[in-house]
Every structure is written in C-alpha cells, then in structure tokens.
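Chains as they are written, first to last, in the working numbering: chain A, 1 to 343; chain B, 1 to 315; chain C, 1 to 282.
As structure tokens, this is what we get:
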C-alpha cells in the first residue's frame, strides 16, 4: 500500500539537465507508465526513485515517507531491469531466494516463499536451471518472481520488454498486466514504446527533455493531447499536424476519411486531398499525400479501415472530411493546446 | 483474505527492519577512496618515498656502509657524465631499446598475421611461443648463455654443420658488437611472445565485416594490411610498444646474466651500471645518480605515449 | 590464373616459414635445456659429438645432483612461499582497488587509473638503491620477508589495472539488482561481483605469481645467503659461480623452474589478455 510522490525533482549532470522539475503522485495500486523518447529523463527519474541517483533538487516520497537519504535496499522497492539482471552464477532458485537471504529471513521459510513466487509465474520446473539456459520469456518471469518475492511496496520496471522479439512482446505484455492486476502493487514502468504504454498503463506520464508534458489515462492522452509533442508521439501513424499562420491544426489519420464515409453525424470540415501513395496493410489502408487549398502542399496521412471500400487511386484529388470535434488546435509558438477556431 | 491484504500483512511480519541509514558502505563518494586507499598507500610508501630518497641520494654522498648522508650537490652527476663508461652505457641503453623494439615490431606483426587462421596444433604452438615470456628472465638468459657459450655453442655447431663457417665459430659474448647483438636477440626473444599475444587480441577485435568489405573492394594483401588492418590495431600496438620500451630501457637482468656488462663494460646500460656502482661497488649515491638518468627517458616515453593515446582515443 | 595460384602458395609458404622459424627461435632454448639436462657429461662436453644426438643413454645424474648437492630444492620452496604470500597481499589490495577504479570513480578515476599505470615508470632498477638501505634499516636484509614486503609494489598496480578491466565487463545492473534486493554496494560487491569474476581473480593471481618468480633485481640486492635465495637468483648466481659450470644440472634447474608454471599459465592467457585490453581500450 504505497504511493510514490516526486516534488520538484531535478537532476543536473554539470551543465546537462536530465530532469527539470517533475511533480508526480501515483495512485495506490496503479500501473503508471513513464513514456518518452530516449534522453527525455524517464530512466533518470526512475533511477532516482530507486535510489541509484541522487536528485539535485526536490523530494522523493514512497508511502508518504521521504526517501532521499535512504539507500535502495531500504526503500521497499523491487526493480526489473531491461536486461533482467539475473545473477548468472546462481540457479533460478537461488536468484529468487537472494532477496530473502539479504533480508535475513530464516532459512526454513525461504523455500516456501520461493515456491510461492515461482508458482505465480509457472516457473516451478525451472528452479535448478541457470539463467543462460533460459529463454527470454522465462528470464522475464524469473526476474518478476525475484521482484515479487520481496513483497515490495512499489515495482519499478525499466523497459523490460525491449529485449524480447516482437512476437513474444505481445504475450509478455499481456502476462505483465494480468500479473499487476492480481498483485495490485503500485507499479512504475518506463518505456519509449507508445504502444506498450497505451496497452499497459492506467495512466501515462509523457516526458520530453526532462519535463512532464502530460499526465493522463490513455484515452485522455490520445484524444485530448496537451501539446503538439504528445499529439505527435502517441499514435501510429502520428497525428497530422498542419501549420497555419499562428496556429497548428491536428487530426488523426483514422478520422480523415473520404466524404460521405464518416460514422458520426456531427459537423465536418472538408479538405482537398491529393493522394500520392497507397499502402495496403490488410486491415487498413494508409494513404499518403498532400493537401490542396488553405494548407497547400503539407503532407498528410489517412487511415482507411477495410470497411471503407471506396476506390482510391494515386495522383488523384479527393474530398476528405474530418469531424469538427476531432480537430485539435495548438498554438504555433508554444505548441500548447488551444481552443477551436475557424479554419 | 484478498491477495493484496494477504501479501500486505506478511510483508509486515516478514523482515527485520533493515539498516536504513546510509553508511560508508553505501556512499558512492566515500566507498571508492575507502577501497582504493590501501593500494594507493602501499604504492606511495614503496614507490613514492623511495623515489624521493633516490633523488636525495643522488645529490648526497651516501654509501652502503651507511652513516653519511651529506649533501654534495650535483657532484655525483658531474663525476659520471664525462666518464666513457657512463657514455657507453647511455648510448647502449638507447641502442638496445630502439633496435630490439624495432625488431619486435616487425616480427610480432608477422607472427600475429601468421597466427590469424586456425589450424591443428595451434594451441600447442601458442604454448611454445609463450614460453620465453613466462620463464623467469634470469633462467631464460642462462639458457642463452649456454647457447652462446664460446666453446660448446650449439649455434656454432649448427653453423659449422651447414657449412657457413669454419673453425671454432663466433665468440658471441666475447666481442663487443656480437655481444650487443646477442643481448638484443635475447631481449627480442623474451618480449616477442607478449607483443604477439597483445597484437592477436587487437586483431581479434576487428569485426570480420571490415575484412570482407576490403576483400570485396579489391584490396590486395599489402594494401589490406597497411591501410585497413594496421590502423585498427595501432592503439593496442602502442600499448605493447610502451611496455616493451619501458622494459628494455630499465632492464639489467639480461646484461647481468649474459655478459656482466662486458666485454670490458662495452655492453653496460644505465640500469646495470647503476647496480654495479651502487650495490656491488658500494657507492649508493653515484649509483642513484646513474639510475636517475632513466627517469627522464621514461617520462618522455610516457608523455609521448599519452599524447598519441589521446589522439587515437584509447583512454 | 597461375599468377593467383602462385600468390596463394607463396603466401602459404611465407606463413609457414614465419611460423616455423619464429616458433623454433622461441621454443628452442627450452628444448635445448631438456636435452642438456639428460645428456651424460662425457657426451655433453665432447666437441666431436652431434649435440642433438644421445651417444650415451640419457641420465638422471644432473637432476639428482641438482637436488642433492645444491640448495635448489630450498630455492623452489622459498619462491613458492614468497609467491603465495605476495599473491595474497596483492589480491587483498588490488581487487578492491580495481573495483573502485571500475565503478566508483568519476572524473578522478580516469586520472587515477593512469597514475597507477605510470608507477611502472619508476622501475626497480631505480628504486632498489634506496630500498636496499630501507631494508637494512628494518633489519630485513637477507630475509625473504623483505621480498614479501617489496614485491606487491609492482604486482599491485598492474593487478588493479587488470581487475578494473574484468570488473568493467560485468554489467552494472546485476549489482544494482543486488542493491535493490537488500545489500549495500559493498555487500553487492562481495556477494555478487566477486563470485562472478572468480576466473578473472584467478588470472590475476597466476599472473602475479609469475611476476614474483621473474623478479631478479630486488632479490639479488636484498638476499645474500644462499639458503634464502629464490630460484630466479639462486640458479644464475650460485650455479654459475666460479669457473666450473655444471651445465647439465644448470639446464635441468632452468627447465624445472620454467616449464611447469608455463603450462599452468597457458590456461589463463586468454583471460589475461581480455582483462588487459579491457583496461586499455574502452
């Protein structure tokens, strides 16, 4: 039962500012994702919470208690590293038992605890193996079991899925989320992959250049981005962003459809779209092209689901529409979200 | 009980309170000095202090008899600089070092290249190649003493058998130039293994792709070696060269055991002369002065190395 | 076509002759030690005999004389004792130092590493003069303890450098995992880092031992009585004393003092080079 809070946390390395003032408060038991491109400070922030880096300024609180001066072992956290960091010279059993030994648990109770953690992940049959004899997925489960066996107040995960191959990643993601739901421990998860973030997070913290751009649920981040960076970063293909004098107009590719094919009944705005390339992806079609008219020669992408069967040819102009409620406006200089204005 | 509640309660009963305060074993700032302190202290005591003692001795009149430690200025230095013995030793120090390193450079590259491919018995060959370096220096030198023996030299016998010489053969250690050559040969013999092994490591760190690319680009053997391989193993060869230079500049073991500096002091180097003067001769002050001439040499070598290392981005 | 073939064969011939020639150059003295050790004296010193052929059957007399009439056995023993003690001291000092250099230093670590490396610029052939006085003042002259005291001064810097290389090769997150799991950094060092780097530590131990065996300058300066000599000093100074060289026994002594250790060392050379280059090249 613990929340993690950061108040005004900063980290400088000489002249380089890695984290520039972050205020965060997790909710008890939530799965919070720190999302951002490399160099945005998310890993540095995680390492400060873990205790491997000391903040240059600001406070860190775990479970309401100030932990700035506590070493990692005293913070009641568990961490899963990108490489899993399994102890290569120990068997799986010893790996999982290690934290318990470190905490001076009496020898008799250790095997039971280890079995309990192992059974949660179905790795009971791997106890005598060494890490190098395990597959990627098995290693992740051992790392999780080792983290869990300490019954920490907070789980910290540093891009644990990035070393798995693509196929494995989806099922590992699924296992991870189910596991966290069952355990209910507050979890902070770092990733640069927005698909992972959207799939796993209860809330997402989008970071860039050491600052937090937005905190919100996946829905909020996706549909109501706080600035153009968030809008660009989340969603694939990225949101179309069009420059116009003193504002930036944004709309997502899946909302950019041929006239007459919109689902909703709301008001729409129309754009003249010259398609240059069509990508057939099976479930969707991606149309690349340029706009004519007020936003002339700016590149846009449209995503047509397979249910929209309109014939689209390259090098042809079409009238495409976007529902007005899906149009997002951003200030041209600050890139922050502003209210709607006429086109 | 729900899963969460269950785990929460056992969490509280489970562990004893951990030592929560940051102590020296946690502190990044203090643990480092704490761990490295003893080694540094040892080095300062056994290298630093004696070094300064040597500096002082060289400007004193101390002897092995003990007792006096009076300051005499640069008298020791001026005494020795003009002597032919010293000048020969200085000259020899350079000649031996530079010549042997040049030969080693050539041979170690050749040997490292020859060892690139795997073949049966390569392990055994590598063991044989390493022998000169693992054997104690004095032991290896004695073996060469026997090989160079004026009467029983197996080298002379072989040359006679091959018809290359008549009569008794060369006095390898008896004639000044032959003696110098013999010493250089033993230096090369001793250091070739290490230089080769280091180069081999350098070779193995070159990704195979680069060799493949050069082959596709049509590079012949020599171009491939000089323009592709050599630049890439340069950093590590410089390290090997540095160690080799330091060793040959400062070695007295080979000379002591092979020629005793003879014939008639023609093969003395600074290090051996310092030994004979200081320990055998008892004049510690003069011995220290002679030995100190080594230091600027080494400093120059190290400086040169660090400059090159900086440019080729080793450290 | 033929030109290519010739080139390839020429290359092969060059390769094998270099390999063969240099291997003979390097290994011959040991082979020669072996033959000399077993040849009867009459056979050995007869100038009309082919030195590579045994005209009389091989003999063990040189070896037995070596052990019974000289102090060779004691020299081996002395060397072993000094070696073991110095290795222990070296590990005690250099392993933590290497770890500190690999992990716990920031800016000053680089410079310190180079500084340690630079101590090799102050060679024994310079230090042995003042140290001889110090040893006398400490009443350690002619005692093996003088060697035990002084030898770490050249084994520790290089061993620390090697250990730094080995430790750098261990990923940091395994240590951090141990810290999260409940150990301090020092605890993580002992419980995780050291076990993982045992092979490296062993390599450093073997390497330091060979350095001890090699050492000549300090040994010949500090030790005067025959019984206290190490094998590297005893063989050249005592067995080559005077006008009569007992080459048979001498070569037997040389062989025993060099080849067995070389066999052991051979197993660790790869690791040694790995640690060496890790330190030298980032």
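Note that beta-carbon positions come from the ideal geometry of N, C-alpha and C, so glycine has one too.
A quick note: this is a predicted structure, and the numbers were derived from the prediction, not measured.
Using the C-alpha atoms, what's the distance from residue j back to residue i?
i                     : j                     : result
residue 157 (chain C) : residue 246 (chain C) : 39 Å
residue 245 (chain B) : residue 51 (chain C)  : 36 Å
residue 127 (chain A) : residue 262 (chain A) : 56 Å
residue 300 (chain A) : residue 30 (chain A)  : 36 Å
residue 140 (chain A) : residue 37 (chain A)  : 23 Å
residue 221 (chain C) : residue 263 (chain C) : 30 Å
residue 163 (chain C) : residue 159 (chain B) : 47 Å
residue 81 (chain C)  : residue 231 (chain C) : 12 Å
residue 302 (chain A) : residue 294 (chain A) : 18 Å
residue 129 (chain B) : residue 21 (chain C)  : 11 Å
residue 153 (chain B) : residue 28 (chain C)  : 13 Å
residue 224 (chain B) : residue 115 (chain B) : 17 Å
residue 333 (chain A) : residue 280 (chain A) : 36 Å
residue 12 (chain A)  : residue 55 (chain A)  : 8 Å
Identify, in the order they occur along the chain, each residue of the same chain with its Cβ nearer than 7 Å to the Cβ of residue i, setting aside the five sequence neighbours on each side.
i                     : result
residue 166 (chain B) : none
residue 190 (chain B) : 132, 133, 137, 140
residue 174 (chain B) : 150, 263
residue 251 (chain C) : 33, 36, 37
residue 72 (chain B)  : 59, 60, 61
residue 255 (chain A) : 322, 323, 326
residue 238 (chain A) : 232
residue 162 (chain B) : none
residue 216 (chain A) : 203, 204
residue 191 (chain A) : 33, 35, 159, 197
Going by alpha carbons, who is nearest to residue i out of the options?
i                     : options                    : result
residue 69 (chain A)  : A:78, A:128, A:52          : A:52
residue 189 (chain A) : A:200, A:84, A:183         : A:200
residue 146 (chain B) : B:126, B:172, B:221        : B:172
residue 185 (chain B) : B:102, B:288, B:275, B:152 : B:102
residue 303 (chain B) : B:200, B:219, B:242, B:164 : B:242
residue 274 (chain B) : B:155, B:152, B:251        : B:251
residue 3 (chain A)   : A:28, A:106, A:23          : A:28
residue 87 (chain B)  : B:290, B:300, B:301, B:296 : B:290
residue 247 (chain A) : A:340, A:32, A:35          : A:340
residue 131 (chain C) : B:55, B:108, B:233         : B:55
residue 85 (chain B)  : B:277, B:276, B:265, B:294 : B:265
residue 207 (chain C) : C:124, C:4, C:236, C:88    : C:88
residue 256 (chain B) : C:204, C:150, C:160, C:125 : C:125
Are there any heavy atoms of the ligand COA lying less than 7 Å away from the beta-carbon of residue i, as far as the coordinates show?
i                     : result
residue 234 (chain B) : With respect to the ligand COA, the structure shown offers nothing to examine, as it has no ligands at all.
Take residue i and list the residues in its own chain whose beta-carbon comes closer than 6 Å to its own, dropping the five residues that flank it on each side.
i                     : result
residue 76 (chain A)  : 152, 153
residue 185 (chain A) : 155
residue 194 (chain B) : 133
residue 16 (chain A)  : none
Secondary structure at residue i, three-state DSSP: helix, strand or coil?
i                     : result
residue 283 (chain C) : Nothing can be reported for residue 283 (chain C), as the shown portion of chain C is limited to 1 through 282.
residue 16 (chain B)  : Confidence at residue 16 (chain B) is low in this model, with a pLDDT of 39, below 50, so its placement is unreliable and no value can be given for it.
residue 45 (chain C)  : coil
residue 216 (chain C) : coil
residue 217 (chain B) : coil
residue 281 (chain C) : Only weak support exists for where residue 281 (chain C) lies, its pLDDT of 46 falling under 50; the value from the coordinates is given anyway. Coil.
residue 67 (chain A)  : coil
residue 4 (chain B)   : Residue placement at residue 4 (chain B) is flagged as unreliable, the pLDDT there being 44, under the threshold of 50; a coordinate-derived value is accordingly withheld.
residue 69 (chain C)  : helix
residue 315 (chain B) : Since pLDDT at residue 315 (chain B) reaches only 40, below the 50 mark, its modelled position is unreliable, and the value read off the structure follows with that caveat. In this structure, residue 315 (chain B) counts as coil in the three-state DSSP scheme.
residue 212 (chain B) : helix
residue 227 (chain A) : strand
residue 173 (chain B) : coil
residue 150 (chain A) : coil
residue 52 (chain C)  : coil
residue 142 (chain C) : coil
residue 76 (chain A)  : coil
residue 125 (chain A) : helix
For residue i, which residues in the same chain have their Cβ closer than 8 Å to its Cβ, ignoring the five residues on either side in sequence?
i                     : result
residue 251 (chain A) : 239, 240, 322, 326, 327, 328
Are there three or more Cβ pairs, one per stretch, closer than 8 Å when the stretch 70–83 of chain C is compared with the stretch 172–186 of chain C?
no
Does the stretch 189–196 of chain C come close enough to the stretch 78–96 of chain A to have 3 or more Cβ pairs within less than 8 Å?
yes
Between the stretch 174–181 of chain A and the stretch 92–104 of chain A, do three or more beta carbon pairs fall short of 8 Å?
no
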